[in-house]
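Data first, discussion second: the structure below is written as structure tokens.
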Amino acid sequence: MRQFTKFIAPALVAALGFSAVAPGVAEAAPRHQAARHYDIRTDINGLRANIDRAAARRTISQREASSLRRDVVNIQRTYSQYARGGLSAQETRVLGARVNTVYAKLRMERHDYDRRRG
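Under mature numbering (1 follows the signal peptide of the UniProt record, and there is no 0), read the sequence shown as residues -28 to -1, 1 to 90, first letter to last.
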């Protein structure tokens, strides 16, 4: 009986304590996951809107716009693949880097004033 109180009882209390903490941790993860999804979707939609706006204002050509839209479609496709299992921090960084790359391309196309790709 002395062994029970010395070793097993504290282990039992610790196990019960961890199970009480686990639901709070489990609830926090989906909220964080939802924030990642929202941020990436917002970035992709904003990028698409910026490309459409630049094409409508004729600051980029239709050829430039279609090439940039193709890049956005590729990002959207990658996002869909990653989102099936939930976005990890690494996948979020990859998607963010791709979005930033297309934003940089859009900026360069807007300021080259030649209205052709490249």
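Don't be surprised by glycine CBs; every beta carbon is placed ideally from N, CA and C. Please read all numbers here as calculations on a predicted model, not as lab measurements.
Anticipated Cβ contact below 8 Å, residue i with residue j, distance rounded
i   : j   : result
L19 : V45 : Going by Cβ atoms, the distance from L19 to V45 rounds to 11 Å, so no, they are not a contact pair.
L67 : Y54 : 7 Å
N22 : L78 : 6 Å
T64 : I32 : No, T64 and I32 are not in contact; Cβ-Cβ is about 28 Å, not under 8 Å.
Assigned exposure category for residue i - 16 Cβ within 10 Å defines buried
i     : result
Y10   : exposed
R70   : buried
R25   : exposed
A61   : exposed
V(-4) : Unreliable positioning characterises V(-4) in this predicted model, as indicated by a pLDDT of 43, which lies under 50. The coordinate reading is nonetheless provided below. Answer is exposed; the Cβ neighbour count stays below 16.
E81   : buried
H83   : exposed
Nearest candidate by alpha-carbon position, reference residue i, set the options
i   : options          : result
R8  : A21, G57 and A76 : G57
D15 : D84, Y51 and M80 : Y51
N17 : R30, R41 and R29 : R41
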